[in-house]
Each structure stands twice: as structure tokens, then as C-alpha cells.
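Protein chains in written order, with my numbering: chain A, 28 to 282; chain B, 28 to 282; chain C, 28 to 282; chain D, 28 to 282.
C-beta: ideal position from N, C-alpha, C; glycine also.
Structure (C-alpha cells):
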């Protein structure tokens with residue numbers, strides 16, 4: 028519940044939704060889609076405080092018509108095999124809404140999504156291996172709200188390995204660092220403020236493993252949504268403004 | 028002189044070069060172009076350590092054919108009224124070269140250049156007023172090499188006012204904060220690491236004032252070039268790499 | 028109200044309380060003490076969510092016996108002429124409680140308090156002049172909760188000037204930058220995470236001016252308390268721990 | 028060689044020097060002391076550019092009389108079992124010299140040294156296990172000079188494990204993150220600017236393993252010294268200064 032408006036947070040969980048259609052293992056693992064599991068995690072922890080809807084790439088308007096995007100306080104984004112299919116115009120609309128104040132939670136393989144690389148300005152390239160490494164997610168910023176209520180480390184029995192060098196700007200806050208069975212490390216929980224919006228990147232969550240059913244991962248998903256939420260109405264895009272001398276003076280305001 | 032290669036740094040000073048053609052005042056103020064003054068400042072301070080060339084928008088290939096860009100270690104960029112005229116394909120080439128390790132020094136009104144907003148991922152909007160405010164440039168990171176050799180504050184008698192909120196990501200290092208006669212403040216010296224490259228934004232330098240003839244500003248220009256220089260050859264774009272388990276082990280390397 | 032414990036936040040406003048005794052102007056300006064005005068500002072904005080008490084240097088145990096300090100979630104600190112009179116042992120107790128998770132809001136001349144320099148590790152020296160400069164407090168991080176609800180800039184008609192170079196570590200988050208009539212600038216709103224605790228430094232507030240009656244300043248005081256509050260019970264001092272191989276594994280926990 | 032003074036950098040390698048006296052294994056591993064190996068690494072890479080001396084706790088004045096400390100540009104510090112034996116007055120002198128501009132490179136178990144905790148303001152506690160884990164040192168800031176010339180990762184066959192949560196302020200720059208055989212991670216290469224000085228913490232280097240003979244570790248030691256070096260003479264402690272209105276104006280300077 029947003030205390031400044033006394034209305035529930037409007038959360039949209041966007042999923043690519045393709046692996047669920049083409050890979051029986053993914054469909055079995057996530058009968059409501061990966062987006063369904065993410066949405067369920069947010070509902071579980073934020074309860075009445077959030078109204079959560081889901082949207083997928085194959086929905087009309089790729090799931091994000093103006094009626095949806097323009098009423099979203101926090102958007103979560105998972106994509107993998109169809110990044111290129113996302114319309115550039117939609118990416119620009121999402122980008123503008125983040126800068127205007129919408130929260131954005133970017134998940135796992137969405138490191139390569141158009142919206143994330145657009146916001147970061149870098150390649151977001153990384154090292155990878157999909158062989159069921161155990162991932163340990165270590166908290167390096169224990170007073171951060173995103174790390175609230177999870178053990179240190181979170182133990183994920185099997186996951187895809189994502190490793191450094193991860194080509195992102197130095198995060199404003201580094202919350203989690205993961206290690207993998209093979210010895211690689213990864214900055215797996217990062218925050219970035221961009222314009223009036225807050226962005227979280229959280230890397231656990233490959234389609235080949237039931238990571239979004241993991242209780243600690245689910246808590247982090249909800250924490251990330253709560254942390255990135257705007258206060259009340261979105262402030263809008265930071266403007267270019269001409270300012271006469273003394274514009275902020277009370278006398279200037281009165282005249 | 029780059030100690031790891033024993034060759035001079037290759038610096039390209041890019042200027043839009045339009046105001047000098049259309050405004051007699053600018054042409055008088057900068058008889059060799061604004062780019063000429065910037066290049067001269069770098070030569071003055073880096074001497075034999077740098078080989079400096081200039082390039083302007085109206086040159087063939089907008090001044091940056093492959094033969095120039097691909098041999099540039101540090102690029103400086105000033106633009107204002109013709110940002111839109113810069114080819115998107117050129118912006119992508121410059122962007123890729125920054126991520127591959129080239130230094131980039133972005134000057135004044137180039138806050139709105141395509142290359143800077145591409146790297147930042149934000150609007151880079153700000154507040155402004157062009158009425159000859161005195162600008163004071165205060166050092167808030169005195170051990171930073173970019174602030175070497177300048178007084179605190181640098182006093183610029185007349186300048187355009189740029190004020191907050193400046194819509195950039197929080198800089199990795201905040202080196203200078205300016206104030207203006209009217210009371211506004213601005214984060215006027217910022218560094219950002221992006222990919223393998225280092226980016227500096229330094230705001231003093233409007234075409235309507237002789238700022239690039241100011242001795243302290245000239246020192247900062249040269250310091251910024253030196254700081255953002257790569258070590259030796261550019262490392263190249265950060266890759267996406269598949270990594271087998273144990274790939275870094277000496278035994279793996281030997282087999 | 029702390030949602031995780033459903034109890035009000037316990038806030039202790041500590042004031043040196045000496046200027047009020049010796050300077051009639053300060054006593055007139057702050058009939059309930061400067062600490063009284065700070066406490067009132069927090070109550071005004073946090074309402075039922077906070078239980079606020081005040082404590083001063085001349086109270087028994089310098090105002091912070093174990094019964095008070097050990098039940099404090101957020102401590103605010105204002106001091107000026109009597110920093111040296113604060114017992115070193117008390118400073119160590121406050122320091123330990125911050126690292127254990129208590130919030131700390133350090134105000135104005137408390138930049139030179141023992142507790143702040145202890146936490147920062149630097150001199151916290153600065154430039155100053157007490158001649159009634161107008162202070163403008165500019166927001167440079169508009170999505171930060173500490174900046175919620177205040178105009179940009181906050182206009183304080185008369186204040187002591189504090190200027191750069193301010194010898195602090197680079198703040199984790201820079202929220203406000205001030206300018207003064209004389210042209211100086213100052214990083215006036217800063218956050219620092221130390222141990223499990225969150226620290227805010229906010230510079231407006233000299234005894235010679237009615238700054239803590241200023242409505243925007245009062246909002247920032249309350250925002251700072253809310254932001255620095257721990258979640259529920261304090262986690263305690265970060266430990267030194269020996270860790271056997273695999274200590275975090277479920278099987279290790281079961282055996 | 029410091030280009031601004033054309034004199035070699037004065038480096039003092041301080042070692043506790045006790046394990047070498049009491050443990051035959053350490054003495055065999057480091058026949059010239061651990062400090063001898065560190066000094067040798069710096070000489071190897073900085074050559075004529077540095078003049079390196081060593082000092083140990085059992086030397087007169089604990090190795091750092093004024094004649095040594097006051098002529099040191101960069102100090103490296105290794106200690107473990109005798110932190111408490113270091114005089115508080117010496118710690119204050121070293122602290123003041125760092126804030127005045129001296130570089131400081133803090134090694135391994137010196138995370139608990141008086142000088143490091145004094146500069147950090149936190150406990151610097153951590154997790155540990157001494158069972159010969161393999162340590163992998165990953166570069167997460169590839170354009171940083173401290174990471175120049177080393178592979179990613181550095182492979183250290185056997186080392187003590189240091190793990191998170193490491194109770195330090197968020198570093199200004201995070202250069203290295205290590206993982207260990209047991210799966211723990213650690214922020215193993217960090218920089219901190221304090222006052223006019225630059226501080227590096229680099230964690231590899233336990234007395235029970237020949238880590239300071241490792242070629243990549245030796246390169247990092249030398250890089251850290253070079254990076255933290257002041258430019259020319261030390262600027263001195265940041266002052267408290269009174270500043271009359273307009274003090275920086277040329278006319279004020281002339282009158």
C-alpha cells in the first residue's frame with residue numbers, strides 16, 4: 028500500500044512467454060508461465076498492498092498497450108530468446124516511463140533485453156554456462172531493503188552460471204554477489220537510479236530450473252518491487268527548463 | 028606518453044564547428060574554432076605525450092572515418108545546435124569504441140549529444156540560462172587526477188548557467204560542483220566507466236564566452252584526456268563467452 | 028510505524044543544549060531548545076508512527092543511559108561548542124549501536140562531533156562563514172525518500188555558510204547540494220551505510236537562525252529519520268565468524 | 028617516477044614480522060620476511076620509479092619514526108597477531124598522514140589493524156576458514172589501473188578463506204571479487220579515498236601460503252602502490268577555514 032496515496036501498488040509482470048509454449052519441461056515447471064510464478068511471489072509477500080497483473084509478448088500490443096503501461100507503478104521484465112521481437116517503439120515507451128518514475132525489475136536473461144541495455148548504455152555481456160551449477164547468493168549490503176528476510180547465503184541447488192566480467196555500469200548499490208559451483212562470481216543483485224525511476228537487476232531465474240518457486244528468491248522479487256516503487260503519482264520526465272535569475276525566490280513567485 | 032607502449036596518446040578533438048561559421052562573435056572568440064582551442068589546451072599540457080588532431084561535423088564522414096576513429100585513444104566531443112545531424116551509424120561506432128576502451132571527454136552542451144545520452148541511458152536534461160553568470164567550479168574530490176593543478180574554486184567570470192536537476196546516472200566519481208551567480212548548482216565534473224572505456228563530463232565551455240582560453244579550464248581539459256586514456260592497445264568490446272567448468276584451471280589450459 | 032513489528036519507531040533527539048542556556052537569542056528562537064524543535068518536526072510528520080523523546084548533554088549519563096540508547100531505533104545528534112565534553116565511552120556505545128543497526132541523523136555543526144568523525148574516519152573539516160548567507164538546498168537525487176515532498180530548491184533566507192572542501196568519504200548517496208550567497212557550495216545531504224546502520228548527514232541548522240522552524244527543513248528531518256530506521260529489531264554487530272566448509276548447506280544444518 | 032617531481036616514489040613496506048620469528052614454516056616460506064617479499068614485488072614492477080624500504084614492528088619506534096613516516100609517499104601494511112601492540116599514537120600519526128595525502132595499501136589480515144578500522148569507521152569483521160581453499164580473484168572493474176596486467180581470474184591454489192559479510196563501507200571502487208573452494212565470496216580489491224589520501228585494501232596474502240610469491244598477486248601489489256601514490260608533495264590535512272565573502276575573487280586576492 029502506498030502510504031502517500033492509500034492505493035495499492037500497480038504491478039505488471041511482463042514475461043516473454045515463449046519457452047513455456049515450445050518446451051514441455053518449462054511448461055511443466057511453470058504451469059502458469061514463469062510470469063505466473065513471479066506474479067504469485069509478489070502477491071504472496073505484498074498482499075493487499077499490490078495489485079499484480081501479467082502480460083506476455085504474444086498478447087495484443089505485446090502486452091503493454093498504453094492502458095496497461097501508463098497505469099503501471101512497477102514493471103518486472105523477463106525475456107530470453109525473443110529480445111529482438113520486442114518493438115523498438117515499445118522499448119522507447121517503457122524507457123520514458125522508467126525515467127518518469129516507474130520502477131523496473133529486470134530478471135536473469137533480461138540482462139540482454141532492449142530495455143535494460145538501453146538504460147545501462149553498455150553491452151551487458153557476461154560469461155555463462157548452463158550445467159546446473161549450485162548458485163549461492165551472498166548479501167553484501169545487509170541493511171538494504173532488497174535483502175530483507177533472506178538467509179546469507181541463499182542456496183539455489185541448480186542454476187545457470189552467469190559470471191564476470193558483467194558489462195554494466197558500476198551499480199549505485201551492490202546488494203548481492205553470487206558464486207557458482209565452478210568458482211565463477213557474479214554481481215547478482217544491483218540497483219540503478221535512472222531519471223526519476225529505480226531499476227533493480229536480479230539474476231537468479233533460468234527457465235530450466237524451478238528458481239521462481241524458491242522461497243528466498245520469491246522474497247527478493249517482492250522486496251525488489253517494493254523498493255523500486257515510486258512514491259504516489261509518477262513525477263514525469265526530468266525536463267529541460269529555462270530559468271530566469273531568481274526564479275525560485277518567494278518574491279519572484281509572488282509577482 | 029603511454030608508458031606501456033612508448034607511443035604518444037592519439038587524441039581526436041571533435042567539434043561541431045557550426046557556430047564558428049554563422050556567428051561572427053564566436054569566430055572572433057575562437058579563430059581556430061572551439062575545437063582548435065581545445066586541441067591547443069591539450070597540446071599545451073600533454074606536450075610530446077599526445078598527438079592531437081581535430082575533426083568537425085562538416086568534414087568528410089563527419090570527421091570520423093574509420094581511419095581516424097579506429098586510431099583514436101581519446102576522443103573529445105563538443106556539439107550544440109547540430110546534435111541531430113550526427114549520423115546514427117557514427118554514434119554506434121563511437122559507442123562501440125568507447126566500450127572497447129577509448130576514452131571520451133564530453134564537453135558542455137554535448138550533454139545532449141547522441142553519444143552521451145546513448146552512454147548514460149537518461150535524458151541528460153538540465154536547467155539553463157544564458158546571461159553571463161559567474162561560474163565557480165569547486166573541487167569536491169581533491170585527490171582526483173582530473174582536479175590536479177587547479178585552484179579551488181576555478182573562477183570563470185562569465186558563463187552560461189547549467190543547473191540541477193541534471194538527469195544523469197549518479198557519477199562513479201564526482202570531481203567538481205559548480206555554482207552560478209543566480210544561486211544554481213551543477214555537477215560539473217563527473218566520471219563514468221562504461222565497458223572498458225572511461226568517460227568524463229566537464230560542463231564549462233559555452234560558445235558565447237572565451238572559456239576554453241581560461242588557463243584552469245585548459246588544465247582540466249588536459250587532465251581529463253590523460254585520465255580517460257586507455258593503457259596501451261584497446262582491450263576490445265566485453266564479450267559474451269561460454270565457459271566450461273574449470274576453464275581457468277592451469278590443467279585445463281594445458282590440455 | 029514499523030510494519031515488521033507493528034510498533035512505533037523509537038526516536039531519540041539528542042541536543043547539546045548549551046547555546047540555549049547561555050545565549051538569549053537562541054533561547055528566544057528555540058524556547059523548547061533546538062532539540063525540542065527537531066523533535067516537534069519529527070512528530071509533526073511521522074505522527075503515530077514514531078515515539079520521540081529528547082535528551083541533552085547535561086542530563087544524567089549525558090542523556091543516553093543504557094535504558095535510553097538501547098531502546099533507540101533512530102538517534103538524531105546536534106552539537107557544536109561542547110563536542111569534547113561528550114564521554115569517549117558514550118561515543119563508543121553509540122558507535123557500536125549504529126553498527127548494530129540503529130539509524131543516526133547528524134545535523135549541522137555535528138559534522139565535528141566525536142561520533143560522526145569516528146564513523147567517517149576523516150577530519151570532517153570544511154569552510155565556514157557566519158554572516159547570514161541565503162542557503163539554497165538543491166536536490167540532485169529526486170527519487171530518494173529523503174527528498175520527498177520538498178521543493179527544488181529549498182530556500183533558507185539566512186544560514187551559516189558551510190563550504191567545500193568538506194572532508195568526508197564520498198557519500199553512498201548524494202541527495203542535496205547547497206549553494207550560498209557568497210557562491211560557495213556544500214554537499215548538504217548525504218547518506219552512508221556503516222555496519223548494519225544507516226547514517227544521514229544534513230547540514231542546515233545553525234543556532235543563530237530559525238532553521239528548524241522552516242517547513243521544508245522539518246520535512247527533511249522527518250524523512251531522514253524514516254529512511255534511516257532499521258527494519259524491526261536491530262540485527263546486532265557484524266560478527267567475526269569461523270565457517271567450516273559447507274556450513275550453509277542444508278545437510279550441514281541438519282547434521 | 029613521479030612526473031611532477033622527477034623523483035622516485037618513496038615506498039615503505041611495513042610488516043608485523045612476528046610469524047616469521049615464531050613459525051619455522053613462515054620463515055622458510057619467506058626467508059626475507061613477508062615484508063621482504065612485498066617489497067621485492069614492488070621493486071620488480073616499479074623499478075627505478077620507486078625507492079622501497081621495509082620496516083617491522085620490532086624496529087625502533089615500531090619501524091615508523093618521523094624520519095621514515097614523514098618521507099613516505101605510499102605505505103603498505105601487513106599485520107595479524109599483534110595489532111594491539113601497535114601504539115595508538117603511531118596509529119594517529121599514520122592516520123593523519125593518510126588524510127594529508129599519503130597512499131596506504133592494506134593487506135590481508137590487516138583488515139583488523141588499528142589504522143584500517145580507524146579509517147573505515149566500522150568493525151571490518153568477516154567470515155574466515157584456514158583450510159587451503161583455492162581462491163579465484165575476479166576483476167569486476169577491468170579498466171581500473173589496479174587490475175592492469177593480470178588474468179581474469181587470478182588463480183591462487185591455496186589461501187585462507189575470507190568471506191562476506193565483510194563489514195566495510197561500500198568501497199568507492201570495487202576492483203576484485205574473490206570466490207573460494209567452499210563457495211564463499213569476498214570483496215577482495217577495494218579502493219577508498221579518505222581526506223587527500225587514497226587507500227587500497229587487497230585481501231590475498233596469508234602467512235601460511237606463498238601468496239606473495241605469486242606473479243599476479245605481485246603485479247597487483249605494485250599496481251596498488253602506483254595507484255595510491257600522491258602527485259608530488261603531499262597537500263596536507265584538509266583544513267577548517269574561515270572564508271570572508273568573495274575571498275576567491277581576483278580583486279580580493281589583489282587587495
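Rounded C-beta distance between residue i and residue j? I'm assuming under 8 Å.
{"i": "residue 173(D)", "j": "residue 79(D)", "result": "Not a contact, Cβ separation roughly 18 Å."}
{"i": "residue 212(D)", "j": "residue 212(A)", "result": "6 Å"}
{"i": "residue 65(A)", "j": "residue 40(A)", "result": "5 Å"}
{"i": "residue 196(C)", "j": "residue 237(D)", "result": "Incorrect: roughly 35 Å between the Cβ atoms, too far for contact."}
{"i": "residue 145(B)", "j": "residue 164(B)", "result": "Their Cβ separation, rounded to whole angstroms, is 26 Å, which puts residue 145(B) and residue 164(B) out of contact at 8 Å."}
{"i": "residue 98(C)", "j": "residue 37(C)", "result": "6 Å"}
{"i": "residue 150(D)", "j": "residue 91(C)", "result": "Not quite, the Cβ-Cβ distance comes to about 21 Å (not below 8 Å), so this is no contact."}
So with Cβ pairs under 8 Å, would you call residue i a contact of chain B?
{"i": "residue 214(C)", "result": "yes"}
{"i": "residue 275(D)", "result": "yes"}
{"i": "residue 175(D)", "result": "yes"}
{"i": "residue 92(D)", "result": "no"}
{"i": "residue 192(C)", "result": "yes"}
{"i": "residue 258(D)", "result": "yes"}
How would you call residue i, buried or exposed, if buried means at least 16 neighbouring beta carbons within 10 angstroms?
{"i": "residue 158(C)", "result": "exposed"}
{"i": "residue 88(D)", "result": "exposed"}
{"i": "residue 43(B)", "result": "buried"}
{"i": "residue 245(A)", "result": "buried"}
{"i": "residue 100(D)", "result": "buried"}
{"i": "residue 55(C)", "result": "exposed"}
{"i": "residue 265(C)", "result": "buried"}
{"i": "residue 49(C)", "result": "exposed"}
{"i": "residue 52(C)", "result": "exposed"}
{"i": "residue 113(C)", "result": "buried"}
Sorted by chain position, which residues of the same chain lie with C-beta nearer than 7 Å to residue i's C-beta, five sequence neighbours on each side aside?
{"i": "residue 220(D)", "result": "199"}
{"i": "residue 135(B)", "result": "105, 230, 231, 232, 233"}
{"i": "residue 35(B)", "result": "28, 75, 76, 77, 78"}
Could you pull out every residue in the same chain whose Cβ sits closer than 6 Å to the Cβ of residue i, ignoring the five residues on either side in sequence?
{"i": "residue 225(C)", "result": "130, 255"}
{"i": "residue 154(B)", "result": "190"}
{"i": "residue 227(A)", "result": "132, 218, 251, 255"}
{"i": "residue 128(D)", "result": "223, 224, 257, 261, 262"}
{"i": "residue 152(B)", "result": "194"}
Below 8 Å CB to CB, which residues in the same chain sit around residue i once its five sequence neighbours on both sides are set aside?
{"i": "residue 115(C)", "result": "141"}
{"i": "residue 167(B)", "result": "201, 202, 203, 204"}
{"i": "residue 239(B)", "result": "57, 61, 64, 65, 68, 232, 245, 248"}
{"i": "residue 123(C)", "result": "264"}
Going by C-alpha distance, which of the options is nearest residue i?
{"i": "residue 235(B)", "options": "34(B), 128(B), 156(B), 36(B)", "result": "156(B)"}
{"i": "residue 274(D)", "options": "209(C), 171(C), 269(C), 266(C)", "result": "209(C)"}
{"i": "residue 269(A)", "options": "192(B), 92(B), 197(B)", "result": "192(B)"}
{"i": "residue 242(C)", "options": "197(C), 175(C), 38(C), 207(C)", "result": "175(C)"}
{"i": "residue 109(B)", "options": "85(B), 150(B), 144(B), 177(B)", "result": "85(B)"}
{"i": "residue 187(C)", "options": "161(C), 169(C), 144(C), 93(C)", "result": "161(C)"}
{"i": "residue 120(B)", "options": "93(B), 267(B), 143(B)", "result": "93(B)"}
{"i": "residue 72(A)", "options": "97(A), 177(A), 237(A), 196(A)", "result": "177(A)"}
{"i": "residue 272(D)", "options": "207(C), 45(C), 103(C), 46(C)", "result": "207(C)"}
{"i": "residue 184(B)", "options": "276(D), 90(D), 46(D)", "result": "276(D)"}
Would you say residue i reaches chain A, if we count a Cβ-Cβ gap shorter than 8 Å as a contact?
{"i": "residue 99(D)", "result": "no"}
{"i": "residue 299(D)", "result": "Outside the shown range of chain D, which is 28 to 282, sits residue 299(D), and nothing can be said about it."}
{"i": "residue 180(C)", "result": "yes"}
{"i": "residue 46(C)", "result": "no"}
{"i": "residue 218(D)", "result": "no"}
{"i": "residue 204(D)", "result": "yes"}
Closest Cβ-Cβ distance between residue i and chain C: below 8 Å?
{"i": "residue 222(D)", "result": "yes"}
Any beta carbon from chain D within less than 8 Å of residue i's own beta carbon?
{"i": "residue 237(B)", "result": "no"}
**Study point:** Contact set between the segment 125-149 of chain B and chain G, restricted to residues whose Cβ is under 8 Å from the partner
**Key:** The chain inventory of the structure shown lacks chain G, comprising the protein chains A, B, C and D.
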